[in-house]
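Quick note on numbering: numbering that gives the first Met the number 0 labels position 237 of the sequence shown as 236, and the sequence is numbered without any gaps. Here's the structure we're looking at; comments come further down.
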Amino acid sequence: MEVRNPSNRNERSSRSAAFALLRSLSGGSDLISILPDRIYSVGRDKRRCDIIVLDAGRCVSRMHCQIILDGSDGKLRLVDGFFLQTRPSLNGVFINGRRLRRGVGSVLSVGDEILLGCRSGLSVGCQVRHGFVVEKIVLHGVAGCSDACKVFDSMRVVDPGALGNMELGTRAGLLLRHCANILQAADPVSYLRNSLDLDIGVGNAGINNIMDSGDDLIVAGTKDSSVHFVQSCEDGVCLGNPTKKIKQTGCPAQPREDTVRSCNSDGKMFFLNRLEFIGCNMMGKSNVVSLPELFHPVEGLVRVFAATFTSDVPWFLSSCQLPSHLPITIACHSTEKCWSSSPDKRTAKPYPDYPNLLLVYPPFPDIIAFGKDRKKQGVACHHPKLFVLQREDYIRVIVTSANLVSKQWNNVTNTVWLQDFPRRSSPEYSSLFGTPEHIKADFVAQLAGFMASLVIDVPSQAHWITELTKFDFSGSQGYLVASVPGVHVQNPSYFRADHCLSAKQIVRLQPNAVDFLGSVHSSVVGLRHRFSTTTDSTGAQLKILASILGKGRENASGLLEVLLRRNNNIPADVNAVSILVADLDEFSEGDCLQLGFLPRDVASWVSPLSDGGFFRFSAFIYPKEALAAALDANNMKAQLILYVSQGPKFSEISRLIQPVHIVPLCSLLASIQRCLGLWRLEEVLSQHKWPDTLETDFVYASSSIGTSVSPQFLAAFSSASGKRLHQQVDSDESDPEWGCWSAKHEARNPSMKIIFPTIERVRNGAYGILPSRFLLSLSEKTWQRLRTSGIFCDAVPHPDYRVGYPMHVKVARRRFRSRTGTSSFGWIYSGSHNFSAAAWGHIVHLPSQSKVPDEISPRLHICNYELGILIVVPPPKEADKGNLDLDEVMLPFVTPAPKYKESDKPATALAMREALAEATVAQREISLGAFAAEDGDVPEEAEEEISNTDEFVAEEKEEERIYAEMLWSQMDSSET
């Protein structure tokens, strides 16, 4: 290879001692010296290239690729095709065997092999390997970012392949777009000179010619434009005075890897992701963070858990430089796999080089499938964005809005929240069970429950739950808000149970001896078989059942206690648990009547946890529902409420727990009832009284607005957020809805604003319309339904350097101003929840089973897995001294957000299609070149209408019926 110096446009960087060394692959031991902040073109063209590849034929293009050492961060970058002057190479550039995508820069590391031309070696001229290996990267005395760096960062995302054979008008359109970048540069003149002078040829300064002189290095300077050969060197490196003989025996600076910074947070603030297009300008900003910075240093990682919607796993592994032996679990979305009934199909190990990396596809429940048939699938999405990074001395929890793909971390604005939690001296299992009385300390309970729901069918990952007990989460500064797909009921009021399950016999509990932990919503299986006309031809058993249920003592919620008994003598299932009813006032075991059994999946964790003495389980049914199920010919299931309490050995779990208990514990945590979605929001915010009269704004910014958003949903969200009627509103206190914010009030006086970009803002984006088509979702039907409400505001990015680039944030804020006007308080949510009923839940009202006449029982229909964080700043009277001011928490958009003008329209799917059709050829080429869809980068979930189902009557599934009949037959034969 031959080397010449690009024009010396930056004397400051030329005097820097930072440099990189490349070793040629074409034979010999040639070294190529790369100085900072200069663009080196590689190819066959001796007039335009700085690094010239000889005897390569057409395998290597005239202008094949470009390379630059970024003086601001010490990163050596390579790009195949660069802005207007250079098309991408014909045969490609390969980094460690993987082809570099056209127009997209890649950061090189020491040891990387760069191959120019055909990787197969079959093309003419490709029999000889042309390229180089990164030998060394040295940083010392590196100055700030030069304009050459800015040019490279801003242009390398444009795909020159899309510029092909453009007409003059098209190129003019591109130059107009480029003008915007020129105007934003700190030094527009230097920016313009550097970006449009890429083929200027040889400058006057020349390049240092490294010549062999035994063990020493001589740097010879030239003042002409001749090309100089790069010869071999063995030990030292020299730069500086071109006529002075220097010998050096060490690297004068830290290695490149040390330029990745660690980040820390107390959990009181949100970060924004570090955008790649202005990379060097963002260095040193305390409120931005990159994905590698979140993981740094990777050497101390013990294991990693991630949850995402879309993913590019190879990019993730290489970007964060994760070691191949590291245990990594990634929960991600796949419609086919998440709906599969086979747990084996919901995991994958697709990367042989990473044997401890497991992909998990969390299950979607039957109850939300169309027709309750999972084969028909339904509206559901695995949509959280979570990282849990475990180290020996602390664990880091990261909640973000960015999916695990390059573009969302590097080219689109997203929010990031993180907090580190220290290691405990000993595990604390009680922390996994949060209670309403200690909601401030339920962070780990919420996290454990959510993670357990993701890995419930993956026994090898159940250990994550026990790992969480080793760390102290009591200092959490935010509340986790999770959504899990299903039709959820509200937690029933706790009523003292008199009996609990035991391994040997039914145990009567001592008064006040129960430490309640939570409840599980389950069912009775085999009930219909027990009382069918085939089994009970005379109806005698059914009459006994009716008599016992009629005499039973129901509590205020209409629940009747039933008995649980272990069935150790049934070979079909060693964990089988029978459900019995009896007159508990005159109780003896001989007077019991068996209703049925616990479902197999529930018994599989109830029995071992009960046998170990860690937990007590009591059970309740709705007697009228149980009797109706016994009479029903359509396999209707009777609900069963399990109460979970501390067992006699609960305090000794950390010492006594065995591997056989880990999976059951994980299943318990996934099953125990917790407030989710809207109900979780209400649970947290109802701790405080929010003075509506002091409210200054209530906004929700989201990249996707659900099709079910209506006055009803807006009212439900506002009510969960603490919105109440003012006293002056006409209402009678005897009205059961007195004080509640309803759809009627919402339609008359909208409570909140929706922040969503206008089509003009999207059209004027830095790369046109196409990037937003992959991110934004708002149907024309929803817009037409809400347009007259006046609740839409434009999404103006903040800080202003992000203007022109898409936002993928999901942020809600309700802000209040103190009476003195000196401080602000309220709350901010950030995470994965889009503003949709699929994410937050759709409330359905059903007839209640309680004794209260005409009482209704609400259910929450959630379609998606979601996760977010809620930062709460209480009203001044309730706040601790020195509490955070809400205005200190940075938002990714301008507030107050500008209200839509009469002529404004949102960037609906229809509006973007029409705008793209109207765009000039040049604008379309820019969009296509900059943000063409790539693997793992697909549109956000498209929410469909959630049916307003009046009934969610569970039916006994075929496998449950077979299981129950098998247990009944073996029980009958054993008794015989």
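Ideal placement from N, C-alpha and C gives every residue a C-beta, glycine not left out.
Could you pull the start and end residues of the alpha helix (DSSP H) that residue i belongs to?
i    : result
F716 : 710-719
I652 : 652-655
W826 : Per DSSP, W826 belongs to no alpha helix (DSSP H); it is in the beta strand (DSSP E), 823-830.
N863 : No alpha helix (DSSP H) contains N863, which is instead part of the beta strand (DSSP E) from 863-872.
I94  : From DSSP, I94 is part of no alpha helix (DSSP H) but of the beta strand (DSSP E) over 92-94.
K45  : Counting along the chain, K45 falls outside any alpha helix (DSSP H), and DSSP gives it neither H nor E.
Q389 : Premise fails: Q389 lies in the beta strand (DSSP E), 385-390, not in any alpha helix (DSSP H).
A742 : 742-747
S609 : 599-610
T695 : Careful: T695 lies outside any alpha helix (DSSP H), inside the beta strand (DSSP E) at 694-701.
Measure how close the beta-carbons of residue i and residue j come, nearest whole angstrom, since I'm counting them as under 8 Å.
i    : j    : result
I861 : G840 : 4 Å
P805 : V411 : 5 Å
A444 : S425 : That pair is no contact at about 18 Å.
P874 : K688 : 7 Å
V133 : L21  : 6 Å
Skipping 5 residues on each side, what residues in its chain have a beta carbon closer than 6 Å to that of residue i?
i    : result
F712 : A836
A618 : V561, L563, L639, L641
A305 : I329, F386
S452 : V483, A669
Would you report the Cα separation of residue i and residue j, rounded to the nearest angstrom?
i    : j    : result
D265 : L885 : 15 Å
M268 : V802 : 22 Å
A976 : L548 : Outside the modelled stretch of the chain, which goes from 0 to 975, sits residue 976, for which no answer is possible.
L300 : N272 : 22 Å
P421 : M450 : 19 Å
Y771 : V106 : Looking at the sequence shown, residue 771 is not Tyr but Ser. Whole-angstrom Cα-Cα distance: 26 Å.
T821 : R260 : 36 Å
L34  : Q320 : 25 Å
T671 : H487 : Here residue 671 turns out to be Ile, not Thr, going by the sequence shown. Their Cα atoms are separated by approximately 11 Å.
R57  : S88  : 10 Å
D343 : Y360 : 10 Å
L500 : V643 : 11 Å
S145 : I113 : A caution first: S145 carries a pLDDT of 41, below 50, which makes its placement in the model too unreliable to give a value.
R858 : Y962 : 28 Å
F294 : L388 : 8 Å
G433 : S650 : 16 Å
Use the C-beta contact count for residue i: other C-beta atoms within 10 angstroms, 16 or more gives buried, fewer gives exposed.
i    : result
H844 : exposed
E865 : buried
E917 : exposed
F131 : buried
N409 : buried
E877 : exposed
R679 : buried
N574 : buried
S475 : buried
E959 : buried
S459 : exposed
A669 : buried
A571 : exposed
Q65  : buried
S400 : buried
A977 : Since the first residue shown for the chain is 0 and the last is 975, residue 977 is missing from the structure and cannot be characterised.
N833 : buried
H324 : exposed
D392 : exposed
For residue i, collect the residues of the same chain with a Cβ closer than 7 Å to its Cβ; drop the 5 residues on either side in sequence, then sort them by chain order.
i    : result
E957 : none
V728 : With a pLDDT of 45 at V728, under the threshold of 50, the predicted position of this residue should be treated as unreliable, though the coordinate-derived value follows. Nothing meets the Cβ criterion.
W338 : F363, R373, Q376
C48  : S40, V41, G42, M62
L316 : Y353
C741 : With the sequence shown as reference, residue 741 is identified as Ser, and Cys is not the correct amino acid for it. Hits under 7 Å: A714.
For residue i, report the span of its beta strand (DSSP E) as first-last.
i    : result
W338 : Unbroken run through W338: none, as it is neither H nor E.
R814 : 809-816
C64  : 64-68
Ordered along the chain, which non-local residues of its own chain (more than five positions away) have a Cβ less than 8 Å from that of residue i?
i    : result
E779 : T907, A908, L909, A910
C739 : S718, R723, L724
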